[in-house]
Structure formats: structure tokens, C-alpha cells
Amino acid sequence: MSATLATTTPASTSRPSADEMNGYRKGCTALMPNVPTSYDYVPHLSAGIVFCVLFGISMAGHIVQGVRKRQWTSYVCATGALTELIGWGGRTWSSQCPYNDSAFLMQITTLIMAPTFFSAAAYVVLGTLIKLVGRASSALSPVTYLVVFCTCDGVSLVVQAVGGALASIAQKNGTSTKDGTNIMVAGIVFQMAAMTVFVFFLVDFLRRVWRMGGRTSLPQGAALVLPAMVFSVVTIYIRSIYRTIELLQGWRGYLIVHEKYFIALDAAMMVLATAVYNVLDPAILLPSSKKGQDGEAQIEPSPSAGESEIPLEEAKDSKQDKAEDDQGSRQSGSAHGS
Numbered sequence: 013m014s015a016t017l018a019t020t021t022p023a024s025t026s027r028p029s030a031d032e033m034n035g036y037r038k039g040c041t042a043l044m045p046n047v048p049t050s051y052d053y054v055p056h057l058s059a060g061i062v063f064c065v066l067f068g069i070s071m072a073g074h075i076v077q078g079v080r081k082r083q084w085t086s087y088v089c090a091t092g093a094l095t096e097l098i099g100w101g102g103r104t105w106s107s108q109c110p111y112n113d114s115a116f117l118m119q120i121t122t123l124i125m126a127p128t129f130f131s132a133a134a135y136v137v138l139g140t141l142i143k144l145v146g147r148a149s150s151a152l153s154p155v156t157y158l159v160v161f162c163t164c165d166g167v168s169l170v171v172q173a174v175g176g177a178l179a180s181i182a183q184k185n186g187t188s189t190k191d192g193t194n195i196m197v198a199g200i201v202f203q204m205a206a207m208t209v210f211v212f213f214l215v216d217f218l219r220r221v222w223r224m225g226g227r228t229s230l231p232q233g234a235a236l237v238l239p240a241m242v243f244s245v246v247t248i249y250i251r252s253i254y255r256t257i258e259l260l261q262g263w264r265g266y267l268i269v270h271e272k273y274f275i276a277l278d279a280a281m282m283v284l285a286t287a288v289y290n291v292l293d294p295a296i297l298l299p300s301s302k303k304g305q306d307g308e309a310q311i312e313p314s315p316s317a318g319e320s321e322i323p324l325e326e327a328k329d330s331k332q333d334k335a336e337d338d339q340g341s342r343q344s345g346s347a348h349g350s
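Each residue of the sequence shown is one higher than the last, beginning at 13 in our numbering.
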């Protein structure tokens, strides 16, 4: 992988001294023969620009919807896209200054924790659906549900950030990155465990909704938002599995030193995880919940299979007309009999 141009190019190709390396790590130096970078390659400038643009567009879209609709899904997705944007800004910086420690630290800490915000968006979406459909659609109350899973998300966020910072500092100092790496892996695994429990409650929600009347029991737009949420969760799972294997292989493992895997299994997955909410935006598709006497949104049960979907008022009028006709027929029969 060829190095891009940088502001400083060493005159000698011999291995630099420790003092020289410290200078390179604070400045901007082109790739040198036999002197590996923290990545073990030079990140592609084109990839950095492309993903900065993609995450920037997604962030702008979520910010606009956040201002217009004031929905939490827009806020957390915008935050996640911003975190990805900062991380890819760091990788773009590294494409020009491959030895710069600040650029490496900037990308490793942000890109390791950004998906946490996209998983939080899925938690918020399902919590909103539970409020709209009603308490009977979930084993947990919406408040309990959101508190539990968003707390898990927060714990995962902190653990991954701390692990990323420790590993990056160890990499900079030339010491073992094992502790920081293990902490990062623990944060990712904890996030996957929380999402697995989340999927269990999602399946339970779908089962209950099906028993309540299926798709017609859902609010308008939910039939589009649900697949979007599932798709986003799948992309986060793929990314988390990749990152876990990558980190367990070590900082000079096969996956971590080949950028193409990072682009395909991390960056592309996260673009899809946030972009699906730009296309099928819960802030637009889901109605605002209207609370009933029990504090939950009330939705009329849908007609069961085989019944015509006649509005309730029309059905009442039809029954009343039929009763009046029957009564008139009986009175007419009595008159003829007398």
C-alpha cells in the first residue's frame, strides 16, 4: 500500500532514533521504509474522504429531523454519525501523517464506540412502538425497557472508550496493548450480549403484536420502521463480530493490518446502520403517541382474519338498521295474523 504525500520527508532511510520517532509522532511525516505505522499501513485518503462525506450527510439529515420532529432517534443517530465522522477525520489525517499519534488516537477511540449510538436508536424505536401499541405488547414497561437497555449501552460506551484510550497510549509508548485491547473486547462483547437480550424482547414484541391482530395492530408506518430497525441491528452485529475477532488477533493480526476488511465490515456496516434511518426515518413514519387512562397509547384492536374491516361507527349503524328492520317485520307479521 503506497504512502501518500506528507509535509515532512526524512532525508535518510535508516531507522530513526527514539527522539526522531517522537518528533514524527507529533508532526506529519511520510511513510519511511522499514518503519511501521500504528496501523501497519497508510490509510487510503480516498476512503477517508468518502466516509467523511457519507457520515456527514447522514448526520445532517438526522439533525434536520431532530430539529423538526424532536425525536430521540434523530438525536442518537446524529450523535453516532458525528462520532463516525470524527473517527474518519482522524483516518483521513493519518493518510497524510501516518505516524501522528493524535490522529491514531482520534480514530481508534471514536470508531470503537460509535456503533453504541446506533444500537441505542434501535432501543428507542422499540420503546416508542411499545408506547404506541400499548403495555400488552411488551413484557416490560416502556420506561423500564429504555432505562435497562440504554444503561447497558452507556456502560458499553464507557468500557470501549477506556479500552481504546489505554490501547492507543500503550501503542504510543511501545508497551503492551493487551490490557486495553481486552477491555475493548469486553465492551464489544457486553454490547453484543445486551443486543441479544434486546432481540429476545423484540421477538416477544412481534409475537404479542401478531396475537393482537398482526400488522394491522401496528401504528401507521411501523411496518416500515420495524424492518429498518432489524436491518440496523444486523449490521451492528456483523461489525461487532468482526471487531471482536480483529482485536483478539492482536494489533498486528491479519484483519487489523488489512484496511479492506475494516472498510467492508466496519465502515460500510455503520453507514448502512445510520443511513437506513435516514431513508425510513422513525421521526417521520411513527405517529406521536397519545396516552390513555393507563398512561399508554391506545390503539383499537384490528379485525380478526375473515372479518371485514368496516369502521366501528358504520358497523354500529348497520346493526341498528338491521334490528329496526327485524322489528318492523315482526310487527307487520303480527298485524296480518290478527
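Ideal Cβ placement from N, Cα and C applies to all residues, glycine included.
For clarity, every value in this text was computed on a predicted model and none was experimentally measured.
Open item on the list: Across the segment 171–183 and the segment 146–161, are there enough close Cβ pairs to call them in contact, namely three or more that are closer than 8 Å?
Closed with: With the cut-off at 8 Å, the segment 171–183 and the segment 146–161 do not touch.
TODO: For the segment 90–102 and the segment 110–122, state whether three or more C-beta atom pairs, one from each stretch, are separated by less than 8 Å.
DONE: As far as the Cβ criterion goes, the segment 90–102 touches the segment 110–122, which means the pair count is three or higher.
Open item on the list: On the CB-based measure, 16 or more other CB atoms within 10 Å of its CB, does A134 come out buried or exposed?
Closed with: Result: buried.
Open item on the list: Between V136, Q108, L169, T193, which has its C-alpha nearest S5's C-alpha?
Closed with: Past the edges of the chain, shown from 13 to 350, lies residue 5, and the structure says nothing about it.
Open item on the list: Taking the alpha carbon of T49 as the reference point, which residue from S107, V160, F213, V201 has its own alpha carbon closest?
Closed with: Answer by Cα proximity: S107.
Task: Sequence ranges, alpha helix (DSSP H) only - wholly within the segment 121–186, length at least 4 - done: DSSP runs (the alpha helix (DSSP H)) wholly in the segment 121–186: 127–145, 154–185.
Task: Local Cβ density within 10 Å of S131, reported as buried at 16 or more and exposed below that - done: The residue in question, S131, is buried, as its Cβ has 16 or more Cβ neighbours within 10 Å.
Task: Rounded separation between R82 and A295 - CA only - done: Per the coordinates, the alpha-carbon of R82 lies some 8 Å from the alpha-carbon of A295.
Task: From I142, A287, L43, A151, residue whose alpha carbon lies closest to that of L391 - done: Since the displayed the chain opens at 13 and closes at 350, residue 391 lies outside it and no answer follows.
Open item on the list: Quick check: the Cα distance between L97 and R223, rounded to an integer number of angstroms?
Closed with: The C-alpha of L97 lies about 42 Å from the C-alpha of R223.
Task: T41 - DSSP class collapsed to helix/strand/coil - done: Reduced to three states, the DSSP call for T41 is strand.
Open item on the list: Which residue marks the beginning of the alpha helix (DSSP H) containing T256, and which one marks its end?
Closed with: Note, T256: alpha helix (DSSP H), 234–260.
- [ ] Helix, strand or coil for V47, going by three-state DSSP, please let me know.
- [x] Collapsing the DSSP output to three states places V47 in a strand.
- [ ] Have a look at L94, M71, A59, G186 and flag the residue whose alpha-carbon is nearest the alpha-carbon of R37.
- [x] With distances taken between Cα atoms, R37 lies closest to G186.
Task: Beta-carbon proximity of I275 to A59, cut-off 8 Å - done: Using a Cβ distance threshold of 8 Å, I275 and A59 count as a contacting pair.
Open item on the list: Please identify the residue among V288, F212, P55, F129 whose C-alpha is closest to the C-alpha of K272.
Closed with: If you compare the alpha carbons of V288, F212, P55, F129 with that of K272, the shortest gap goes to P55.
- [ ] Have a look at Y51, G78, T95, V155 and flag the residue whose alpha-carbon is nearest the alpha-carbon of K184.
- [x] Across the set Y51, G78, T95, V155, the C-alpha of Y51 shows the shortest separation from the C-alpha of K184.
Open item on the list: Since M207 and T247 should fall inside the 8 Å C-beta cutoff, what is the C-beta to C-beta distance between them, to a whole number of angstroms?
Closed with: Wrong, their Cβ atoms sit about 11 Å apart, outside the cutoff.
TODO: Taking only the alpha-carbon atoms, compute the straight-line gap between D191 and P299 and give it to the nearest angstrom.
DONE: Each residue's alpha carbon lies about 46 Å from the other.
TODO: Could you say which of V65, I69, Y111, V288 lies nearest to G39 if we only look at CA atoms?
DONE: Taking only the C-alpha atoms, the option nearest G39 is Y111.
TODO: With I268 as the anchor, note down where its alpha helix (DSSP H) starts and where it stops.
DONE: Run containing I268: none; DSSP gives neither H nor E here.
Open item on the list: For a test of the three-state rule: what should DSSP assign to G73, helix, strand or coil?
Closed with: For G73, the three-state secondary structure derived from DSSP is helix.
TODO: Would you kindly report the start and end of the unbroken alpha helix (DSSP H) that includes V88?
DONE: That run of the alpha helix (DSSP H) goes 84–108.
- [ ] Using a threshold of 8 Å, state whether the C-beta atoms of V197 and L123 are closer than that.
- [x] No, the Cβ-Cβ distance between V197 and L123 is not below 8 Å.
Task: Distance between beta carbons of S180 and I120, contact taken as under 8 Å - done: Yes, they are in contact, since the Cβ atoms of I120 and S180 sit about 5 Å apart, within 8 Å.
Task: Spatial distance of P313 from M125 (CA atoms) - done: Below a pLDDT of 50, predicted positions are generally treated as unreliable, and P313, at 38, falls in that range; the measurement from the model is reported next regardless. Taking the straight line joining both Cα atoms gives about 41 Å.
- [ ] Note the first and the last residue of the continuous alpha helix (DSSP H) segment covering N290.
- [x] Start and end: 280–291.
Open item on the list: Here's the rule I'm using: 16 or more other beta-carbon atoms within 10 Å means buried, otherwise exposed. How should P127 be labelled?
Closed with: Residue burial annotation: P127 is buried, with at least 16 other C-beta atoms found within 10 angstroms of its C-beta.
TODO: Pull up the distance between the alpha-carbon of M204 and that of L43, whole angstroms please.
DONE: Rounded to whole angstroms, M204 to L43 spans 37 Å at the Cα level.
Open item on the list: Please report the straight-line C-alpha distance between N194 and V245, rounded to a whole angstrom.
Closed with: Answer to the nearest angstrom: the Cα atoms are 24 Å apart.
TODO: Using three-state DSSP, classify S114 as helix, strand or coil.
DONE: Here S114 carries a helix assignment [DSSP, helix/strand/coil].
Open item on the list: Considering Cα atoms alone, identify which of I257, G225, P239 is closest to V201.
Closed with: Selected option, being the one with the closest Cα: I257.
Task: Status (buried if at least 16 other CB within 10 Å, exposed otherwise) for F212 - done: Counting Cβ neighbours within 10 Å, F212 comes out exposed, since fewer than 16 surround it.
Open item on the list: Please state whether the Cβ-Cβ distance between T286 and S70 is less than 8 Å.
Closed with: By the CB criterion at 8 Å, T286 and S70 fall inside the cutoff.
- [ ] Let me know if N290 comes out buried or exposed under the rule of 16 or more other beta-carbons within 10 Å of its beta-carbon.
- [x] N290 is buried by the Cβ-count criterion.
TODO: Take the Cβ of V288 as the centre, count every other Cβ of all protein chains shown within 10 Å, and call the residue buried at 16 or more, exposed below.
DONE: V288 is buried by the Cβ-count criterion.
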